[in-house]
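This report refers to the structure that appears directly beneath it.
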Amino acid sequence: MLKTLLSVCLVVVSWVLDAQAGAVEEATILYLKQVEVLQPVLSNMEEIPLDKGLAGARLAIVDANTTGRFLNQHYTLKEMVFDANTSPDIVVDVIRNTSISFVILDLPSKTLEAVIRAGITDRLMFNVGSSDNHFRDALCQSNLLHTLPSRAMITDALTQYLVKKRWVDWFIIEGSKSVDRLYSESLLKSAKKFGAKIVEHRTWDGGRDARRTAQAEVPRLTQSVDYDVLMVADEWGDFGEYLMYRTWDPRPVAGTQGLYASGWYWTVEQWGAAQLQRRFTRLSTRRMGARDYAAWAAMRSISEAAMRTNSLDYAKISNYIQSDQFELAAYKGRKLSYRSWSGQLRQPIPVTSARSLVSQSPQEGYLHRVSELDTLGFDKSEVRCQRN
Amino acid sequence: MILNKVLTTFLLIAVQSGQLLFAATAYVSNEKDNTISLIDTDRMEVVDTIPVGQRPRGIALSRDQKLIYICASDDDTIQIFDIQQKKIVGDLPSGADPETFALHPDGRHLYIANEDDNLVTIVDVANSKVVAQIDVGVEPEGMAVSPDGRWAVNTSETTNMVHWIDAKTFELVDNTLVDQRPRHVIFEPDSKLLWASSEIGGTVSIIDTDSKLITKKIGFLIKGIHRDRVQPVGMVLDHTGKYAYVALGPANHVAVVDRKTYEVVKYILVGRRVWHMAFTPDNRYLMTTNGVSGDVTVIDIEKQKAVKSIKVGRYPWGITILP
């Protein structure tokens, strides 16, 4: 009798312990960052923060754990930073060998491509580092999502605004770096899509110090062309800042400088964004940028799916994020979700100047049969790759 | 004798005009002007504009109707406005960045949502002391206390939950998951049901107080307006028990919802980005604050139609009406 009672007692005790131990579900998110090879640029006014991207994921972890308390879910961020010279194979091996199912990739395009080509399954991966179009329309992977907008989304967002203003005759000045070429190619596509015209296309040869010579050179470069807006393709910020106020005719500058589109910028304050900006600045003592936002959105997508499915199970979360039910409130005034054909997070794109938000695309009037957000970037019919 | 009669008449007139003077007044907080606008609800005109603290949002009457509490969000305080003296006479400790609050039926305990700190602060207004602070989800926003005094509820915009706080023990006892970005909450008079609006989700959830489960979800559809722009925020329930009015933010409409069937019976066009609402004491009019257009729309309840718009300060947010 006593024995029976005792064992009942023991069973009860161990059940209580089990309940407590099993009470909190744990998930780890692996953040892989490879530092970029910094390009020497003339405009050296702004420092590139070392925690670019990472800081957004750190904030999202804090938010996720605040929410997680009510659901007995807990998140940990594991950060790994690789230097610029690290071979892509090493990064691939880390992903292949880790037991962590959720991986945020803040990698240069070359390394990201190696990761995709490795064909690793059983991981849910988020690209927050590369805006290259070909990861959205040519080289896809079913378990890879993109929270950073593609270049196509960026140039479409800007183009929609300019076309709406009827500033449709463009004079393009392109820098000498390979990303400048990618940007200008994307601009050309956007121009074709929405009806802008390229009246002149020149390259900035970049031999001299634009900071000292722009006043003399830019008027000459822009003389005797009839155009509405000077479009600059200079992603690293080498010379673009020095075109403004120096054109022969009084013309606005847009593109990568002047008026530009970005996934996120500190001028965004509507839809509660001021709260996110404030939380970010408090945590990381700087302003939030597009890559920080992309990392934040990736982490938030995971925690949102975990909350809705009440689970931290990889398969459940992965399926839910890519289902029709998934929606994310992310301070852009619309619910965000992922495009099934490219894995790209559909989202409104701010169009901003240095100190004030000018607009947010999609612009009113650009209609789409499913979602106006799909007027930015590649729609289903434009995508060549198969994700599933 | 004649003089006497004249005097009486004079007195009568004085009393009548006195009543006119004490017509109901609507108090509107202007978030981007740091002022409140006073609107005479008989004439439907702004009669005064009074400077208050920084970024005034939530605004509510005290139980005795002598004071108005104003969330001065960027001053991290709740200001106490004396209606008679028409000035700020003090403040309450509120915790950081108070956005909205709700007063317990006991008239003493004020529940305040601290947006930046993920907290709900409870203040005893009688002695200006903080009674308790409760951890809630990310970006606490809406607050309501059940008319029976048992529950205080708070919504957290990023956690997407309604948090249930026991108003006796000040403990968080349950959470209800709702659609994206919950904003406003309001109890039915019998305390049995709670209405919760989700701005980005575009829905209003009806939650059963006993089970804390969602029993009904209301969606909105306005012809010619994309559903993503239909964003429910403020809500009020009418005195007849028949209708709820739901402000739909950038859709610039107020939805009239049948409280039995939960069907939307009408959409009323108002100003741009409609936030919050209040009924006039005679229940003839509903007044809405419209953030972007900077005005207040007056809706005739019987006609279910907007009849007037009144220019106020920049970004009007909250509204409360003194009978």
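Order-wise, the sequence lines are chains A and B. The opening position of the first sequence corresponds to residue 762 in the working numbering, with each subsequent residue numbered one higher. The opening position of the second sequence corresponds to residue 157 in the working numbering, with each subsequent residue numbered one higher. Just so it is clear, CB atoms sit at the ideal spot from N, CA and C, and this is done for glycine as well. Nothing here was measured: the structure is a model prediction, and the numbers come from that model.
How would you call Gln-1038 (chain A), buried or exposed, if buried means at least 16 neighbouring beta carbons within 10 angstroms?
Taking a 10 Å sphere around the C-beta of Gln-1038 (chain A), we find 16 or more other C-beta atoms and assign the residue as buried.
With the cut-off set at 8 angstroms, would you say Gly-1032 (chain A) and Lys-1093 (chain A) are in Cβ contact?
Just to set this straight, residue 1032 (chain A) is Trp in the shown sequence, not Gly. Yes.
CA-CA distance, Leu-919 (chain A) and Asn-888 (chain A)?
One alpha carbon belongs to Leu-919 (chain A), the other to Asn-888 (chain A), and they sit about 22 angstroms apart.
Burial state of Gln-221 (chain B) (16 or more Cβ within 10 Å)
Exposed is the call here.
Name the residues in the segment 1085–1099 of chain A whose C-beta lies less than 8 angstroms from a C-beta of chain B; which are they?
Taking 8 angstroms as the Cβ-Cβ cut-off against chain B, the residues of the segment 1085–1099 of chain A that qualify are Glu-1088, Leu-1089, Ala-1090, Gly-1094, Arg-1095 and Lys-1096.
Spell out a yes or no on whether the segment 862–879 of chain A and the segment 794–801 of chain A are touching, meaning 3 or more CB-CB pairs, one atom from each, closer than 8 angstroms.
A contact is defined here as three or more CB-CB pairs under 8 angstroms, and the segment 862–879 of chain A meets this definition with respect to the segment 794–801 of chain A.
Between which residues of its own chain and Ala-300 (chain B) is the CB-CB distance below 6 angstroms, once the five residues before and five after are set aside?
Spatial neighbours of Ala-300 (chain B) in its own chain (CB-CB distance under 6 angstroms, excluding positions within 5 residues in sequence) are listed in chain order as Ala-258, Val-309, Val-341, Ile-342 and Phe-343.
For Gly-450 (chain B), which option in B:Ala-180, B:Asp-456 and B:Ser-185 has the closest C-alpha, if you only look at C-alpha atoms?
Out of B:Ala-180, B:Asp-456 and B:Ser-185, B:Ser-185 has the C-alpha closest to the C-alpha of Gly-450 (chain B).
What are the boundary residues of the beta strand (DSSP E) that Met-433 (chain B) is part of?
Unbroken beta strand (DSSP E) run through Met-433 (chain B): 430–435.
Determine, using beta carbons only, whether Ala-216 (chain B) and Thr-476 (chain B) come nearer to each other than 8 angstroms.
Yes; because the gap between Cβ atoms is below 8 angstroms, this pair is in contact.
Glu-419 (chain B) to Tyr-988 (chain A) span [Cα, whole Å]:
When the Cα atoms are used, Glu-419 (chain B) and Tyr-988 (chain A) turn out to be separated by approximately 54 angstroms.
Cross-strand partners of Pro-963 (chain A) (DSSP beta bridge)
Looking at the sequence provided, one finds Arg at residue 963 (chain A) rather than Pro. Partner(s): A:Ile-934.
By a C-beta neighbour count over all protein chains shown, 10 Å radius and 16 as the cutoff for buried, is Val-463 (chain B) buried or exposed?
Answer is exposed; the Cβ neighbour count stays below 16.
Looking at chain B, is there any beta carbon in it that lies within less than 8 angstroms of the beta carbon of Phe-831 (chain A)?
Yes, contact with chain B.
Name the one or two DSSP bridge partners that Asp-414 (chain B) has.
Under DSSP, Asp-414 (chain B) forms a beta bridge with B:Tyr-399.
Let's see if you can read the secondary structure: which residues bound the alpha helix (DSSP H) around Ile-822 (chain A)?
Where Ile-822 (chain A) is concerned, the enclosing alpha helix (DSSP H) starts and stops at 815–829.
Could you tell me the distance, in whole angstroms, from the CA atom of Asp-824 (chain A) to the CA atom of Arg-1043 (chain A)?
When rounded, the distance between both Cα atoms is 13 angstroms.
Alpha carbons only, please: which of A:Gly-829, A:Trp-931 and A:Tyr-1099 is nearest the one belonging to Gly-956 (chain A)?
Nearest C-alpha to Gly-956 (chain A): A:Trp-931.
Please identify, using Cβ separations under 7 angstroms, the residues of the segment 1066–1082 of chain A that lie next to chain B, in order along the chain.
The residues in question are Met-1068.
Under 8 angstroms between C-beta atoms, does Gly-817 (chain A) make it to chain B?
Gly-817 (chain A) does not count as touching chain B.
Exposed or buried, Asp-406 (chain B), counting other C-beta atoms within 10 Å across all chains shown (16 or more means buried)?
First, the amino acid is wrong: residue 406 (chain B) is Pro here, not Asp. Counting the other CB atoms within 10 Å of its CB gives Pro-406 (chain B) a total of 16 or more, which places it among the buried residues.
Rounded separation between Leu-1128 (chain A) and Thr-1136 (chain A) - CA only
Distance between the alpha carbons of Leu-1128 (chain A) and Thr-1136 (chain A) is about 7 angstroms.
Roughly how far, in whole angstroms, is the beta-carbon of Pro-910 (chain A) from the beta-carbon of Ile-1110 (chain A), given that I think they are within contact range, below 8 angstroms?
Going by Cβ atoms, the distance from Pro-910 (chain A) to Ile-1110 (chain A) rounds to 6 angstroms, so yes, they are a contact pair.
Would Glu-187 (chain B) count as contacting chain A if we go by Cβ distances under 8 angstroms?
No - not a single Cβ of chain A is within 8 angstroms of the one on Glu-187 (chain B).
By the criterion of Cβ-Cβ separation under 9 angstroms, what are the contact partners of Val-448 (chain B) in chain A?
Residues of chain A whose Cβ lies closer than 9 angstroms to the Cβ of Val-448 (chain B) do not exist, since the nearest Cβ in that chain is about 10 angstroms away.
8 angstroms Cβ cut-off: residues of chain B touching Arg-884 (chain A):
Per Cβ cutoff of 8 angstroms: no residues; Arg-884 (chain A) is ~26 angstroms from chain B at best.
Mind checking which residues open and close the alpha helix (DSSP H) that includes Leu-350 (chain B)?
Premise fails: Leu-350 (chain B) lies in the beta strand (DSSP E), 349–354, not in any alpha helix (DSSP H).
Does any CB atom of chain A fall closer than 8 angstroms to the CB of Met-299 (chain B)?
No, no contact with chain A.
Are the beta-carbon atoms of Arg-264 (chain B) and Ala-282 (chain B) separated by less than 8 angstroms?
Taking 8 angstroms as the cut-off, the beta carbon of Arg-264 (chain B) is found closer than this to the beta carbon of Ala-282 (chain B).
For Pro-296 (chain B), count neighbouring Cβ atoms within 10 angstroms of its own Cβ and tell me buried if that reaches 16, exposed if not.
Answer is buried; the Cβ neighbour count reaches 16.
Between Gln-1036 (chain A) and chain B, is any beta-carbon pair separated by less than 8 angstroms?
Closer than 8 angstroms: yes.
To the nearest angstrom, how far is the alpha carbon of Met-1068 (chain A) from that of Gly-829 (chain A)?
So the alpha carbons of these two residues sit roughly 8 angstroms apart.
Tell me Gln-1105 (chain A)'s beta-bridge partners as DSSP assigns them.
The partner list for Gln-1105 (chain A) (beta bridge, DSSP) reads A:His-907.
So, Phe-831 (chain A) versus Met-317 (chain B), is the Cβ gap smaller than 8 angstroms?
Taking C-beta atoms as the reference points, Phe-831 (chain A) and Met-317 (chain B) count as a pair closer than 8 angstroms.
Give me the subset of the segment 1015–1039 of chain A whose CB atoms are less than 9 angstroms from a CB atom of chain B, sorted by chain position.
Residues Trp-1032, Gly-1033, Gln-1036, Leu-1037 and Arg-1039.
Quick one: which chain B residues come within Cβ less than 9 angstroms of Cys-827 (chain A)?
Here the sequence assigns Thr to residue 827 (chain A), which means Cys is not the residue at that position. Under the 9 angstroms cutoff, chain B gives Asn-274, Asp-291, Val-292, Gly-293, Val-294, Ser-312, Thr-314 and Thr-315.
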